[in-house]
Structures are given as C-alpha cells and as structure tokens.
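Okay, so the sequence shown: first residue is 1344 according to the working numbering, each after it adds one. Here a beta-carbon is modelled for each residue, glycine too, at the ideal position from N, C-alpha and C. Note that the structure is a prediction, hence the values are computed from the model and not measured. Here is the structure we will look at.
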Amino acid sequence: MNDLVKLAKTKYNIVLEENRQLAPLTTWKIGGPARYFFSAKTPGEIGAAIRLCNQEKMPYYILGGGSNLLVSDAGFEGLVIKLEILKMEVQNDKIIVGAGETMGKVAAISMQNNLSGIEWAVGIPGTVGGALFGNSNCFGGSTGESVRKATLLGRDGEIKTVEKDYFQFDYNYSKLQDTKEIALEVVFGLKKITKEEMNLNRGRIVETAVERSQKQPLGAKVAGSTFKALKQTKDNIQKLDDKYPRWRESALRDGFISTGFIIDKCLGLKGYKLDKMRISEVHSNFFENLGEATAENAKKLIDFVKKECKNKLDINLEEEIKYVGKFK
Ligand SMILES: Cc1cc2nc3c(=O)[nH]c(=O)nc-3n(C[C@H](O)[C@H](O)[C@H](O)COP(=O)(O)OP(=O)(O)OC[C@H]3O[C@@H](n4cnc5c(N)ncnc54)[C@H](O)[C@@H]3O)c2cc1C
C-alpha cells in the first residue's frame, strides 16, 4: 500500500483506489486513469477527502455523472472524488436531494408526487451537482429556476447553506464555477398541482421525451453539447446576416444562437468524421465517439470546428464541456 493510501486510511478513514480508469465513468467513454480515486457517499467522506488533498497539496476533481467532460488520455494526476451522495426526500412542495442523484430521477419523483416545475429534466443523464454547477437546461426549463437552497462544501472544508440568489444563475452558469464549492444537497421548491393537472403535464413530458429522441443522438457515446450556444450580440448577428440571410428563422432561441445550426448549416459539418470521432447527424453540437476514440481525437475535432468557425465566420466558439487533466 502506498504512503498516501495508507495516510488516507489511517488518518482520514477513507479508502483510495489507485489508477482507476475514468473512461467508463464518462458518457463519452474516453480518457485515462485517475492517479487516486474515491467514491464519496456522505458529506463527511467528501470533507475528509478534501482535507487530505489540502494537507498533501494534491489537486482534486469532483466527478458527477461524467456527462459533460473530456478526460485527457493521461488521466488526472490527483484525486478524483466521485460524488455519490444519494438522498431523495419529498416534503410538501419541496424535494430535498443528494447531489449525487440524477436529474432524471428528481423529475420522475416530482411527477409521482404531483410537484411541477422540473419535468423538463426527464432524461438528462447528469447528477444534481453537475446540473447545479452548469445550470443545466432543456426545452425552456433550467435547474436554477427550481432551486430554493443548497448545502455546499467550501475548499476550506466549511459547510454552509445558501439560498438560490447565491448562485447567480445564468445561461450555463452558476457561481460554483468560480468558487469551486462542492454541492452536497439541494432543495428544489416546486408547485403542488392536482393529479389531473399532472396527468395533463405527463402528455407534455412524453412529447419532450419524443422531441429529445429526435433531436439528440441518444444511445451514442456523446457528452451533451460540445459548445455553448452563442450570445445574440450585435456583432454575432451582423456576422451571420452578412453570410446567411435566412439564418434567423431556425437558429434564434431564447436570446441565443444555436451552435448546432452554425456547425450544420454555416460550416457544413453535420456528420463530419475525423479519426474516430464524428459530428452527429442528429445534432451537430453533439460529437460522437465512434468506438475507441482517444481524448486527443476528440480534442482534434473540437479544435478543428473552432478553427473553421473562426476562419469562416470570425466567431469564437466556447466549449460547454469541461476538460479534466492535461491537454496540449
Ligand atoms: C445524451 C446527453 C444529453 C444531454 N442533454 C443535456 C440537456 O438537454 N441540457 C443540458 O444542460 N445538458 C445536457 N447534457 C449535458 C450534461 O448531462 C449536463 O451538463 C449535466 O448537468 C452534467 O452533470 P454531470 O453530473 O454529468 O457532471 P459531470 O460531467 O460529472 O461534471 C460537470 C462539471 O460539474 C462539476 N460537478 C459535478 N458534480 C458537482 C458537485 N456536486 N458540486 C460541484 N461541482 C460539481 C464537475 O466538477 C464538472 O466541472 C447532456 C449530456 C448527454 C450525454
């Protein structure tokens, strides 16, 4: 047993694994090993892991469902903490949820209890913690809208409870991205409706599920949207107007410009294959691992699309996926 693993066991009472492969823990199925790995099931265990990292000056990374990540082929030289806090408690119009639960399960439980507001999250593969971090959104709904409060663990090991406003939710953004705090538990505030009203909503939800299956390559090895949607700035609009007079009809959405549309229609890259990666035929902002793709393959495709977009439209695309580990 190596010294760090021994220290973790004797002083912090946590059992670290060494060289755990991360690819199976991501939806892209790409990436190398974590030097150290720990599945944390309680706030106390996460606290202990963070204290260990702080004391040993070792980097750590919080892993949720791995559905929006690209892990480098070399893996992560530190401790990957897979957050597995599971809890689901319905109290009147609230659901109190452990950050390791999936958003899909929260949506399902809300429907069973005639609580409305988060039905849109049915089928989102990520965890509640990941959704809070990136303010996950879909079909007009977003995570932040239903958050009432949450319990967070700071980098200093302090636990605190904060209200919704703390997160400064915005498109694909919550303050956790800056503070690097870890979400432990979230309270969703929902609207109590009648069984009949929920039955009506169910119809909408089935439509949502069908819509998802038509608009996203479900079943493929993907990591959700590769790039963020573009902001509707005057500059971006002008650049598209100059080249694609009718683009507004299909690409303007809730104050944003669809990146899938840009990759498909403006860059003509729908279905484009590079090494072992392909831009999805169903949704051009989803990039598929065709089999044994490496992180280098995925990064090469991402860089290629960014370069094409810059060269052809003078627009900079920004990744929605997060990089884990070192990339060239
Ligand atoms: C098929 C498919 C469809 C998708 N559809 C959508 C969609 O419709 N809308 C959408 O918004 N996204 C979508 N996604 C992307 C993805 O599911 C979301 O971004 C999700 O919220 C990521 O959660 P995760 O648990 O997988 O996070 P991970 O990918 O594991 O991590 C993402 C980031 O969150 C951080 N994080 C994770 N847990 C915590 C925590 N407890 N506290 C603090 N930080 C944390 C990580 O450190 C990392 O920086 C889709 C993905 C796939 C594969």
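Beta-carbon to beta-carbon, ARG1378 and GLY1421 are separated by about 6 Å, close enough to satisfy the 8 Å threshold. For LEU1426, the enclosing beta strand (DSSP E) starts and ends at 1419-1426. In the DSSP annotation of this structure, the continuous segment of the beta strand (DSSP E) that includes TYR1666 starts and ends at 1665-1667.
DSSP, reduced to helix, strand and coil, places GLN1434 within a strand of the structure shown. DSSP places THR1522 inside the alpha helix (DSSP H), whose first and last residues are 1519-1522. Judged by DSSP in its simplified three-state form, ALA1572 adopts coil rather than helix or strand. Just so you know, the alpha carbons of LYS1564 and THR1370 end up roughly 6 Å apart.
The nearest non-hydrogen atom of ligand 1 is 7 Å or more from the C-beta of LEU1458.
By the C-beta density criterion, GLU1539 is exposed, having fewer than 16 other C-beta atoms within 10 angstroms.
Looking from the CA of LYS1669, the closest CA among LEU1413, CYS1396 and PHE1482 belongs to LEU1413. Distance from the CA of LYS1616 to the CA of LYS1384, rounded to the nearest whole angstrom, comes to 40 Å. DSSP places LEU1413 in the uninterrupted beta strand (DSSP E) bounded by 1412-1414. Its Cα nearest to that of THR1551, the residue VAL1465 stands out among ILE1525, VAL1465, ILE1600 and GLY1497. In the DSSP assignment, PHE1512 forms no beta bridge with any residue. If you check the CB distance, GLY1443 and GLY1409 do not come in under 8 Å. DSSP places GLU1501 in no alpha helix (DSSP H); its state is neither H nor E. The alpha helix (DSSP H) runs lying completely inside the region 1568-1614 and spanning 4 residues or more are 1577-1586 and 1591-1594, given in chain order. Counting only the Cα atoms, ARG1596 lies some 17 Å from LEU1660. For THR1551, the three-state secondary structure derived from DSSP is helix.
Within the DSSP secondary-structure output, SER1459 pairs in a beta bridge with LYS1534. By the criterion of a C-beta distance shorter than 6 Å, GLY1477 is surrounded in its chain by ASN1515, once the five residues flanking it on both sides are discounted.
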